[in-house]
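Quick note on the numbering used here: the sequence shown kicks off at 1 and runs consecutively.
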Amino acid sequence: MNINTNNILNNLQTNLIKLSAQDKIDSSNNMADKMLYDNLNSDMLESEQEILNFNDAIGYMQIADGVLSNISEQTDQLNTLSVASNNAALNSDQKAMISSQMQDIQNNITKTISETTYNGKNVFNSNFQINEQSINLSLNTDSLDYTNQKSIEDFQKTIHSLRSDIGAFMNSATSNIDNLTTKVVNEANSKSNYEVDLAKTINEINRDNLNLDASIIAQAHNTDILANSIKSLLS
1 MNINTNNILN
11 NLQTNLIKLS
21 AQDKIDSSNN
31 MADKMLYDNL
41 NSDMLESEQE
51 ILNFNDAIGY
61 MQIADGVLSN
71 ISEQTDQLNT
81 LSVASNNAAL
91 NSDQKAMISS
101 QMQDIQNNIT
111 KTISETTYNG
121 KNVFNSNFQI
131 NEQSINLSLN
141 TDSLDYTNQK
151 SIEDFQKTIH
161 SLRSDIGAFM
171 NSATSNIDNL
181 TTKVVNEANS
191 KSNYEVDLAK
201 TINEINRDNL
211 NLDASIIAQA
221 HNTDILANSI
231 KSLLS
């Protein structure tokens, strides 16, 4: 057996040992390692689920903020029309037309609030909470009176306040995701010390087997050549 074949066999043996190294985690002979491994795995799964929860929360808030942005624009229109309706130069038909527009806008705002849902849940009829974070998204148009300019202004202030709370909530959620992602990466690095890259190891074993076959075939070929040479010399 030549040196090349010995090297291949040594590599094959090393990879087989690596492949069976997982036994040290499953073996009762090393319970400390197994407990640490299990704890890392459990923490990673928990952190990954928290990341998914925060991602869903951000999606929820993005919908709420997008709708509130649209409602804010409509409320601005209400305020503008309210100011216009106070124009003494307008006749009754013009005032009636403005009043009809304002009523349509308020009705649309009410409909938008009642029909905005996320996963079947009304967005603006709940107190949203995740972990220690919570935000009250309750909103309705009960106090909105399109004929009263102060009522319109107060409603707009409520919209601005909600959007500010949503922005702070999303910033906090994003920060939590960043921290959890860093934690998962660090735990994955620690966990990798207890794992075997099975796919890589199996590929290396298959490669070693092919190399071994080729080496043995080459040796057999060389042996035939040597035998023929000796036979020739002895003839």
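Every residue gets a Cβ at the ideal spot worked out from N, C-alpha and C, and that includes glycine.
Legend entry - Limits of the unbroken alpha helix (DSSP H) element including residue 114: 92-115
Legend entry - Sequence-distant residues of the same chain with beta carbon closer than 7 Å to residue 28, five excluded per side: Caution applies to residue 28, whose pLDDT of 44 falls short of 50 and renders its modelled position unreliable; the value that the coordinates give is listed next. None.
Legend entry - Candidates 129, 150 and 59, of which the one nearest residue 118 by Cα: 59
Inset, instruction - Check whether the Cβ atoms of residue 105 and residue 74 sit closer than 8 Å, and answer yes or no. - result: yes
Legend entry - Selection from 32, 34 and 67 that minimises the alpha carbon distance to residue 139: 67
Inset, instruction - Flag this pair as touching only if the region 48-62 and the region 161-171 have three or more C-beta atom pairs under 8 Å; answer yes or no. - result: yes
Inset, instruction - Give the straight-line distance between the Cα atoms of residue 49 and residue 156, rounded to the nearest whole angstrom. - result: 37 Å
Inset, instruction - Can you grab the Cα-Cα spacing for the pair residue 96 / residue 87, in whole Å? - result: 13 Å
Inset, instruction - Look up residue 154 in the DSSP assignment and say whether it is helix, strand or coil. - result: helix
Legend entry - Extent of the continuous beta strand (DSSP E) to which residue 239 belongs: Residue 239 is absent from the model: the chain starts at 1 and stops at 235.
Legend entry - Nearest neighbour of residue 164, chosen from 45, 38 and 65 [CA to CA]: 65
Legend entry - Segment limits, beta strand (DSSP E) that includes residue 136: That run of the beta strand (DSSP E) goes 133-136.
Inset, instruction - Below 7 Å CB to CB, which residues in the same chain sit around residue 53 once its five sequence neighbours on both sides are set aside? - result: 130
Inset, instruction - Below 7 Å CB to CB, which residues in the same chain sit around residue 84 once its five sequence neighbours on both sides are set aside? - result: 98
Legend entry - Alpha-carbon spacing of residue 248 relative to residue 175, whole angstroms: Residue 248 cannot be examined here, being either before or after the span of the chain that is shown, 1 to 235.
Legend entry - Exposure label - residue 92; buried when at least 16 CB within 10 Å: Within a 10 Å sphere around the beta-carbon of residue 92 sit fewer than 16 other beta-carbons, which makes this residue exposed.
Legend entry - Buried versus exposed, by CB contacts within 10 Å (16 or more), residue 161: exposed
Inset, instruction - Counting only the same chain and skipping the five closest in sequence on each side, list residues whose C-beta sits under 7 Å from that of residue 41. - result: 191
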